[in-house]
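There are 2 protein chains.
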Amino acid sequence: MSEFELDKRLAAETIELGRLNGCLLLLMNDRRWPWLILVPMIADASEWHDLDTEIAARSFETAMEAGKALKQATGCDKINTASIGNMVRQLHIHVVARSEGDPNWPAPVWGFGEREEYRDGESGSLEQAILSRLSPEKQW
Amino acid sequence: MSEFELDKRLAAETIELGRLNGCLLLLMNDRRWPWLILVPMIADASEWHDLDTEIAARSFETAMEAGKALKQATGCDKINTASIGNMVRQLHIHVVARSEGDPNWPAPVWGFGEREEYRDGESGSLEQAILSRLSPEKQW
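Chains L and P are the protein sequences, given in the same order. Here the first sequence stands for residues 95 to 234, numbered as in this note's numbering. Here the second sequence stands for residues 95 to 234, numbered as in this note's numbering.
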């Protein structure tokens, strides 16, 4: 059994916000959509059913909480939640805020166009709006 | 509070396999990928966090079981699990079997090309392979 280490591609494309219930909470560094990623800190997990039932339940509940926080923080029309992993096999859960008229609406965000990184400091207010809505004792 | 009724578009595009832990279990009528959809039988739910915590946990666990069964039944490379709902707002969970080289691999299935319906009887063996792997008392 190897130790958990964040996938290099996920690390390169995201901003780490902290740890939440055994998951890494990441903000996708893509200014086109407010987009969180949760990564259960378990080595060698690729599918949901690779996790222990209890860890899976806790991770899913955390994704649901993150979705609620993201919806409140952004006032978006719909949360899109997905575990795809066809390219990055480390289990990770996308939680994306979608709104009518956003890039590629109503089709999904994955595989659409090129990532556009946040400019300096641009993501700060979004990060704060998200973190202020998640139970503080769960952060860090 | 209205009564649960399956969304008309979901009904038109799927084959009903039965009921599993309070969810409708549907097979997407698209022969390009083995593709299940679970619909928690709760009226007016659009986001995961619209569900009671217990119903959400049970529905998610059911989606995870369905994913495991689908992976075993098909021998696919990766299960893709998602709740998107930008077009059909009734909460529904996609559980899709993906394999290297399948249509649009490794990009997602949603929004890609046109649905191709199964021919007469063609989905029978897939349906049986799925249902034989889900706990029988949970069917119907």
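By construction, the Cβ of each residue, glycine as well, lies at the ideal position given by its N, Cα and C atoms.
Between the CA atoms of residue j and residue i - distance to the nearest angstrom
i, j, result
"P:ASN115", "P:GLU194", "31 Å"
"P:PRO230", "P:THR108", "Unreliable positioning characterises P:PRO230 in this predicted model, as indicated by a pLDDT of 46, which lies under 50. A coordinate reading is not provided."
"P:PRO128", "L:LEU120", "31 Å"
"L:GLU221", "L:GLY215", "10 Å"
"L:GLU101", "P:SER96", "It should be noted that the sequence gives Asp, not Glu, for residue 101 of chain L. Cα-Cα distance, rounded: 45 Å."
"L:ALA151", "P:LEU118", "20 Å"
"L:THR147", "P:MET122", "27 Å"
"L:ALA113", "L:THR175", "The sequence as given places Arg at residue 113 of chain L; Ala does not occur at that position. The straight-line gap from Cα to Cα measures roughly 19 Å."
"L:GLU211", "L:LEU104", "14 Å"
Contacting residues, own chain, Cβ-Cβ under 7 Å from residue i (five flanking each side not counted)
i, result
"P:ASP171", "ARG192, SER193, GLU194"
"P:ARG227", "ALA163, GLN166, ALA167"
8 Å Cβ shell around residue i - same chain, five flanking residues per side excluded
i, result
"P:SER140", "GLY179, ARG183, GLN184, LEU185"
"L:LEU145", "PRO134, ILE136, ALA139, SER153, LEU185"
"P:PHE98", "MET135, ILE136, ALA137"
Cβ of residue i within 8 Å of any chain L Cβ
i, result
"P:THR168", "no"
"P:MET122", "no"
"P:ILE173", "yes"
Proximal residues to residue i (C-beta, below 6 Å), its chain only, five neighbours per side dropped
i, result
"L:ASN198", "PHE206"
"L:ALA209", "The sequence given here places Arg at residue 209 of chain L; Ala does not occur at that position. Result list for L:ARG209: ASP124, in chain order."
"P:ILE187", "LEU132, ALA157, SER177"
"L:ALA223", "ALA167"
Cutoff 8 Å: residue i Cβ touching any chain P Cβ
i, result
"L:SER177", "yes"
"L:LYS102", "no"
"L:GLU99", "no"
"L:TRP234", "Caution is warranted here: a pLDDT of 42 is assigned to L:TRP234, below 50, making its placement in the model unreliable, and no coordinate value can be reported."
"L:ASN115", "no"
Rounded Cβ spacing between residue i and residue j (contact assumed at less than 8 Å)
i, j, result
"P:LEU164", "P:VAL189", "6 Å"
"L:ALA106", "L:LEU130", "That pair is no contact at about 17 Å."
"P:PRO200", "L:MET181", "5 Å"
Check: If you measure beta-carbon to beta-carbon, which residues of the region 188-218 of chain L are closer than 7 Å to chain P?
Finding: Along the region 188-218 of chain L, going in chain order, the ones with a CB nearer than 7 Å to a CB of chain P are ARG192, TRP199, PRO200, ALA201, PRO202, TRP204, GLY205.
Check: Going along the chain, which residues of the region 130-163 of chain L sit with their C-beta nearer than 9 Å to a C-beta in chain P?
Finding: SER140, GLU141, TRP142, HIS143, LEU145, THR147, ALA150, ALA151, PHE154, GLU155, ALA157, MET158, GLU159, GLY161, LYS162
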